């Protein structure tokens, strides 16, 4: 790294999908000096040691954060507050605490009160991930060409913010800044509501006694299987997201059911023009996403081998 | 092909995604003798001639079906009836008419009355496709390891049915038989309702003035982009599906909103146990789909390049 590491010592708290990907991405470019890690479960710490995840895997929060210049909270949103409280006494003066939670208002409310005055707290959210979870699911390229949102609080230190921005750029991400309210609304639209809907659709299929599970599985390539991917995401993470981004999720769900009822009414009334118009409009967004490099244009996400 | 072609002459009516894929799949294995094709639009016929789609591209339905042993109706469900009526006078005695529509009860009601007594009508539905459409989007491998449902009517000729089954197996598919009522219900679950929900979610995101289109596109990798793929499917095809599989779709939509309201209530009440339980259950179905070879287990449908 030209100009030396961005941080000398980084502590990863929680060693799941995001933290493990961050570790491999840091190592890929020699972005930092030393990485310590901590996970609550013995099993996760053992796995981390076995696969070489982190330079040092610590058995206590105290050991992990002591001396760290950057502390990354990478635990489910519901655990952020208790973890912040537990590490507070051991934080080095001038250090930066950040997080990777999918919800920002709640994390700020729960974490900020515990952060000492001589420590910077800059909330963040790398918008990347797969349906896999756990310490073995991480990989160095996860953040490449994805966006990371930083949500600085009023009076944030500009230098600490700039340093964290360079860190995420070094991990491969583009960085934007946003306020917490807007973040939580945007995420309710692009992530939280879609996940809830996918979980619901998969649950309905599973519940239906008149259609067997075997049929649902065999014939899933007709659309259904796309929903099962995000409905295979980590249950604890997602429970916490919905419990903590309640307001925005309920607002977008309200909009969703309103639109769904309008389409349902068009089906019942046989209003083909309404349906055709609606289905035409939605194609443009897909094109925008492909042009922005945020998805593949290969048919079926590239799952099929295309051969003439 | 050992034992000669399965059909000497095949006519494809409609030259979109499914018919063009069928053509390339037939050619891949020399499955049939000669393939004629017809499409209503001049532009589609010109494209077909340019790319070598079909041995003969005909300018009339009469020319396309005359002398054909198998006639495949591959037009939107709403056009099946009129096309059947138009080709009826030119069908060869002993020929088989089949279709590839996503709805079966309505297609049978609209097509069967036009089929002469000396012609076999065996409805079908290959459950494969991508979000792409049109004559240039087809490819030979589309049906490999996918399922094709045949929906024989009472008193179907067993030999004609067996021949059609071998044809679809030759195209790469597995073949199952099912009655029309059950087909339409199963498809409402695995395909029609998921598509409507995806269209709705993409429409909501597009409509929301407080979240910009630019934000929706940039941050779509958090879940939303998965919905945009199926919401980019052909509007005419999908309008017709919902207009003709009204009953089953409305039934499954009713189940879906019931479940969604239960989850919404759990969010409002802060019932984390209910959410966690629901989100855990849905993981099993994903595993089943991967084990059945109906989806990839690569993270993110294999869109990400996984590197340590």
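Protein chains in written order, with the UniProt record's numbering: chain A, 1 to 308; chain B, 1 to 308.
From the three backbone atoms N, C-alpha and C, an ideal C-beta is built for every residue, glycine too.
Just so it is clear, the structure is predicted and the values come from calculations on it, not from any experiment.
* Using a threshold of 8 Å, state whether the C-beta atoms of residue 191(B) and residue 102(B) are closer than that. => Reading the second chain from its first residue, position 191 is the one you call residue 191(B). Reading the second chain from its first residue, position 102 is the one you call residue 102(B). Going by C-beta atoms, residue 191(B) is nearer than 8 Å to residue 102(B).
* Asked: Alpha carbon to alpha carbon, what distance is there between residue 8(B) and residue 53(B)?
  -> Translated into positions along the second chain, residue 53(B) becomes position 53. Translated into positions along the second chain, residue 8(B) becomes position 8. Going by the C-alpha atoms only, they are around 17 Å apart.
* To do: Report all residues from its chain with a CB closer than 8 Å to the CB of residue 195(B); omit the five preceding and five following residues, and keep chain order.
  => As a working mapping, residue 195(B) is identified with position 195 in the second chain. Its chain contains 230, 231, 233, 238, 241 as the residues whose beta carbon lies nearer than 8 Å to that of residue 195(B), once the 5 sequence neighbours on both sides are disregarded; these appear in chain order.
* To do: Under 8 Å by Cβ, that's how I've got residue 296(B) and residue 201(A) pegged, so tell me the actual separation to the nearest angstrom.
  => Along the second chain, read from residue 1 onward, the residue named residue 296(B) stands at position 296. Along the first chain, read from residue 1 onward, the residue named residue 201(A) stands at position 201. With 8 Å as the limit, residue 296(B) and residue 201(A) do not qualify as a contact, their Cβ atoms being about 20 Å apart.
* Name, please, each residue of chain A whose Cβ falls closer than 8 Å to the Cβ of residue 26(B). => By 1-based counting over the second chain, the position of residue 26(B) is 26. Those within 8 Å of residue 26(B) in chain A number zero; the least Cβ separation is about 12 Å.
* Please determine if the segment 19 to 28 of chain B and the segment 87 to 97 of chain B are in contact, where contact requires at least 3 C-beta pairs separated by less than 8 Å. => At 8 Å Cβ cutoff, the stretches do not touch.
* To the nearest whole angstrom, what separates the beta carbons of residue 105(B) and residue 184(B), a pair I think is in contact under 8 Å? -> As a working mapping, residue 105(B) is identified with position 105 in the second chain. As a working mapping, residue 184(B) is identified with position 184 in the second chain. Yes, residue 105(B) and residue 184(B) are in contact; Cβ-Cβ is about 5 Å, under 8 Å.
* Do you know how far the Cα of residue 287(B) is from the Cα of residue 141(B)? -> Within the second chain, numbered from 1, the residue matching residue 141(B) stands at position 141. Within the second chain, numbered from 1, the residue matching residue 287(B) stands at position 287. Approximately 24 Å, taken between the alpha carbons.
* Span of the alpha helix (DSSP H) around residue 130(B) -> Residue 130(B) sits at position 130 when you count from the first residue of the second chain. Element bounds for residue 130(B): n/a, residue is neither H nor E.
* To do: Please look up how many angstroms separate the CB atoms of residue 95(B) and residue 69(B), rounded, as I've assumed it's under 8 Å.
  => Mapped onto the second chain, residue 95(B) falls at position 95. Mapped onto the second chain, residue 69(B) falls at position 69. So it is a contact: roughly 6 Å between Cβ atoms.
* Where do the ends of the alpha helix (DSSP H) carrying residue 206(A) lie? -> Along the first chain, read from residue 1 onward, the residue named residue 206(A) stands at position 206. Segment 193 to 207, the alpha helix (DSSP H) holding residue 206(A).
* To do: Would you mind sorting residue 129(A) into buried or exposed? The rule is 16 or more other CB atoms within 10 Å of its CB.
  => As a working note, residue 129(A) is residue 129 in the first chain. Residue burial is scored here from C-beta neighbours: residue 129(A) has at least 16 other C-beta atoms within 10 angstroms and is therefore classed as buried.
* To do: Examine chain A for any beta-carbon lying closer than 8 Å to the beta-carbon of residue 91(B), and answer yes or no.
  => The sequence position of residue 91(B) within the second chain is 91, counting from 1. With 8 Å as the cut-off, residue 91(B) does not count as an interface residue toward chain A.
* **Other residues of its chain near residue 220(A): CB distance less than 8 Å, five sequence neighbours each side excluded** => Along the first chain, one-based indexing puts residue 220(A) at 220. Counting only Cβ-Cβ distances below 8 Å, and skipping sequence neighbours, we find 228.
* Within the chosen definition, does the segment 148 to 157 of chain B reach the segment 119 to 127 of chain B through at least 3 CB pairs nearer than 8 Å? -> With contact defined as three or more Cβ pairs closer than 8 Å, the segment 148 to 157 of chain B and the segment 119 to 127 of chain B are in contact.
* Which residues in the same chain have their Cβ closer than 7 Å to the Cβ of residue 49(B), if we skip the five residues on either side of it in sequence? -> Here residue 49(B) is taken as the residue at index 49 of the second chain, counted from 1. Leaving aside the five residues that flank residue 49(B) on each side, the residues in its chain whose CB is nearer than 7 Å to its CB run, in chain order, 57.
* Asked: Quick one, which of 76(B), 100(B), 79(B), 66(B) has its alpha-carbon nearest residue 168(B)'s?
  -> Within the second chain, residue 168(B) is the residue found at index 168, counting from 1. Residue 100(B) holds the alpha-carbon nearest to the alpha-carbon of residue 168(B) among 76(B), 100(B), 79(B), 66(B).
* Same chain only: Cβ atoms within 7 Å of residue 116(A), ignoring 5 sequence neighbours per side -> Numbered from 1 along the first chain, position 116 holds the residue referred to as residue 116(A). In the same chain as residue 116(A), and ignoring 5 residues on each side of it, the C-beta atoms closer than 7 Å to its own belong to 88, 91, in chain order.
* **Min CB distance residue 191(B) to chain A below 8 Å** => Start at 1 with the first residue of the second chain, and residue 191(B) comes out as number 191. At a cut-off of 8 Å between beta-carbon atoms, residue 191(B) makes contact with chain A.
* Would DSSP call residue 1(B) helix, strand or coil? -> Reading the second chain from its first residue, position 1 is the one you call residue 1(B). Reliability fails at residue 1(B), whose pLDDT of 47 lies under 50, so the model's placement of it is uncertain and the value that follows must be treated cautiously. It is coil, neither helix nor strand.
* residue 20(B) lies in the alpha helix (DSSP H); which residues open and close that run? -> Your numbering for residue 20(B) matches position 20 in the second chain. Membership of residue 20(B) in the alpha helix (DSSP H) is indicated by the continuous run 17 to 28.
* Asked: Is residue 9(A) helix, strand or coil when you go by DSSP?
  -> The residue given as residue 9(A) occupies position 9 in the first chain. The three-state secondary structure of residue 9(A), taken from DSSP, is strand.
* To do: Figure out for me which residue from 144(B), 73(B), 36(B), 108(B) has the closest Cα to the Cα of residue 307(A).
  => Stepping through the first chain from its first residue, residue 307(A) is reached at position 307. Considering only alpha carbons, the answer is 144(B).
* To do: Can you give me, in chain order, the residues of the segment 101 to 116 of chain A that have a beta carbon less than 9 Å from any beta carbon in chain B?
  => If the cut-off is 9 Å between Cβ atoms, the segment 101 to 116 of chain A has 102 near chain B.
* **Bridge partner(s) assigned by DSSP for residue 46(A)** => Here the question's residue 46(A) lines up with position 46 in the first chain. DSSP output for residue 46(A) lists no bridge partner at all.
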